[in-house]
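So the sequence shown is numbered by numbering that gives the first Met the number 0: it starts at 0 and just counts up by one.
Idealized CB from N, CA, C, for every residue including glycine.
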Amino acid sequence: MSALGERGPIVVVGAGPAGALMALYLARQGCDVTVYEARADIRRFDIPAGRSINLALATRGIVPLVDVGVIDQVDAITIPMRGRMIHAEDSTKPLLQPYGTHPHEVIHSVSRRDLNAILLDAAEATGRVKIEFESSVRAIDLEADTLVIDGPGNTVRALPFGTVFGADGAGSDLRRAIVAANGGMAEVSRLDHGYKELQIPPAGGGFRLDPHALHIWPRREFMLIALANPEGDFTATFFAPNTGHTSFASLSNPEAVSVFFKQEFPDFVAMVPDLVEQFFENPAGRLATMRCRGWSVHDKAVLLGDAAHAIVPFHGQGMNLAMESARALDRHLRAHPNDIAAAFAAFEAERKPNADAIADMALDNYVEMRAGVVDPGYVIRRELALELQRRHPERLSPRYNMVMFSTMPYAEAAARAARQAEILVELTAGRASPAGVDMDRAAQLVAELDPLPGLDPLARHEALSV
Ligand SMILES: Cc1cc2nc3c(=O)[nH]c(=O)nc-3n(C[C@H](O)[C@H](O)[C@H](O)COP(=O)(O)OP(=O)(O)OC[C@H]3O[C@@H](n4cnc5c(N)ncnc54)[C@H](O)[C@@H]3O)c2cc1C
């Protein structure tokens, strides 16, 4: 049994959102921490074009930011989004589908780099965190307790460690070593769809679309989405199959891209004059779900963030999940101050079922975004769910809202959503609108649901400018 720092140096590998936040949490527990980050300092260099420029921040990510005291700085750089703005094929006017009925039910567009920079600054400001950039952990020896680090100028160092926090992302090298040492397993399921980011430039200093909505162009097999940036531009992401009739493989030359976008997204083409150039300049990204069992080795090493649980981006939850996990790990370490190994085991026992639940819900949400939002049955059930939430806020909340605007365990949100779906299907059967639904029967069915848990006291949504 050992306490933090007792075994030797505390190391965090990776300075993304999970690693930077974990280093900050560890410093707040009084630990001195060294962070090794393979890339250059993002506060000094631009992220290459086409690499997920902005993200949706929601309650599970907001709570840790409140916890570590950086929410006001984050507030200043976010753009609230009240709902999905649907750009349907057959409509010239986009339609807003609000996310919820409560004022706090908004998500926030935030620059990945600026949010990460706030966390890095806050970690360094503790005086306990040293971050070494351009320092890639090449190997970990979990018997000799050493790390091999490739540093700037082709330097290679072997350094001793006491405890390592592996936050080195979805392609984690540490994960390979950790699961090999503990007999666990990591399973990657690649999605046969990929993505490409495209920028919508500002219009004479203003936004070309409503910035307070997440824009979706749902086209069933593929889709386009766009989130606003404070500079007046939007980052759009095109998601499509990798191969097949309409796919990244078929969009292989400028003419095919130009014809396809003009036909499917004419309003988008009108806003992006250099669409074809961007399409061929920006890299195509691949998407996968990574489920892992065996996140730690005794009191020596633990995985967190995408290194432990990587999900597809369709629920906008990967980073929110990663930050919620960092907070959970901090809590378990505080609960087991003299037994790090027990803290790591309790952390995985709590978070693994929840990571698996959101992995499944994120996959489901792709179908909902590209096809469901324009499916009449879905639209009726969603409207009824919001109406029932308005009438019975203590018992019913739509699945999207439980995931995005609450801190209830993801697995509980999934189980509640399955029960709610049965109720919504029964109440809307054979109906073209929620207008004629038997609200007495609805009240009876909703009364059978368990009361919803309260929000985390740190979920001060009102702190963010809505
Ligand atoms: C297209 C797209 C859109 C997304 N949208 C959202 C969204 O809207 N909302 C949301 O919550 N999530 C979103 N995500 C998910 C989110 O990006 C990730 O879940 C999040 O970045 C995970 O944070 P992390 O710190 O665990 O990993 P990462 O952000 O991947 O950080 C890992 C860090 O480790 C470093 N590293 C890797 N290997 C080594 C090594 N050997 N040595 C040293 N350093 C190393 C890397 O350079 C990197 O800086 C999206 C993802 C994609 C792909």
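Distance cut-off 8 Å: residue i Cβ against heavy atoms of ligand 1
| i | result |
| --- | --- |
| D167 | yes |
| P452 | no |
| M318 | yes |
| V67 | no |
| G13 | yes |
| G503 | Examination of residue 503 is not possible in this model, given that the chain is present from 0 through 465 alone. |
| I310 | yes |
| S249 | no |
| D113 | no |
| T288 | no |
| R42 | no |
| E104 | no |
| R137 | yes |
| A428 | no |
| Y194 | yes |
| T236 | yes |
| R38 | yes |
| Y35 | yes |
| G152 | no |
| S1 | no |
| A327 | no |
| D120 | no |
Contact under 9 Å by Cβ, residue i with residue j
| i | j | result |
| --- | --- | --- |
| D298 | S171 | no |
| G152 | V301 | no |
| V128 | D66 | no |
| V476 | R137 | There is no way to answer for residue 476, as the model of the chain reaches only from 0 to 465. |
| F279 | V256 | yes |
| F267 | G193 | no |
| H308 | R350 | yes |
| S241 | F313 | The amino acid occupying residue 241 in the given sequence is Asn; Ser does not appear at that position. Not closer than 9 Å, so no. |
| N319 | T77 | no |
| I339 | A2 | yes |
| V10 | V163 | yes |
| T100 | R290 | no |
| I139 | T33 | no |
| V73 | A180 | no |
| H509 | I52 | Since the displayed the chain opens at 0 and closes at 465, residue 509 lies outside it and no answer follows. |
| I215 | I85 | yes |
Residue environment, residue i, which counts as buried when at least 16 other CB atoms sit within 10 Å
| i | result |
| --- | --- |
| E167 | Going by the sequence as given, residue 167 is Asp instead of Glu. Classification of D167: buried, given that the 10 Å Cβ count is 16 or more. |
| P375 | exposed |
| P228 | The sequence shown places Asn at residue 228, rather than the Pro named in the question. So N228 ends up on the buried side. |
| T91 | exposed |
| K261 | exposed |
| P159 | exposed |
| V465 | Only weak support exists for where V465 lies, its pLDDT of 48 falling under 50; the coordinates are left without a value. |
| A441 | buried |
| F132 | buried |
| L226 | buried |
| V12 | buried |
| S396 | buried |
| D449 | exposed |
| V445 | buried |
| N252 | exposed |
| L532 | With the chain covering 0 to 465 only, the question about residue 532 has no answer from this structure. |
| P210 | buried |
| M184 | exposed |
| P433 | buried |
| G453 | exposed |
| H244 | exposed |
| V424 | exposed |
| N400 | buried |
| V436 | buried |
| M0 | exposed |
| D71 | exposed |
Cβ distance (whole Å) where residue i is taken to contact residue j below 8 Å
| i | j | result |
| --- | --- | --- |
| R189 | R285 | 7 Å |
| V105 | P63 | Wrong, their Cβ atoms sit about 18 Å apart, outside the cutoff. |
| V178 | G293 | 5 Å |
| Q316 | A361 | 6 Å |
| G7 | G150 | About 20 Å separates the two Cβ atoms, so there is no contact after all. |
| R111 | L54 | 5 Å |
With a cut-off of 8 Å, do at least 3 Cβ pairs link the region 341 to 350 to the region 374 to 388?
No, the region 341 to 350 does not touch the region 374 to 388.
Would you call the region 205 to 222 in contact with the region 318 to 328, where contact means no fewer than 3 C-beta pairs closer than 8 Å?
The region 205 to 222 vs the region 318 to 328: no contact.
Can at least three beta-carbon pairs, one atom from the region 231 to 250 and one from the region 193 to 210, be found at a separation below 8 Å?
Output reads yes: the region 193 to 210 touches the region 231 to 250.
Taking one C-beta from the region 318 to 325 and one from the region 363 to 375 each time, how about it: are there three or more such pairs within less than 8 Å?
No: fewer than three Cβ pairs fall under 8 Å.
Spell out a yes or no on whether the region 110 to 119 and the region 16 to 23 are touching, meaning 3 or more CB-CB pairs, one atom from each, closer than 8 Å.
In this structure the region 110 to 119 touches the region 16 to 23; the number of beta carbon pairs closer than 8 Å is three or more.
Count Cβ pairs between the region 276 to 295 and the region 134 to 150 that sit closer than 8 Å; are there 3 or more?
Touching, no, given that fewer than three Cβ pairs across the two stretches are closer than 8 Å.
Assess contact between the region 184 to 201 and the region 233 to 250, defined as three or more Cβ pairs (one per stretch) separated by less than 8 Å. Is contact present?
Taking a cut-off of 8 Å on C-beta distances, the region 184 to 201 touches the region 233 to 250, as three or more cross pairs fall below it.
contact_flag[the region 351 to 364, the region 400 to 413] where n(CB pairs < 8 Å) is 3 or more
Output reads yes: the region 400 to 413 touches the region 351 to 364.
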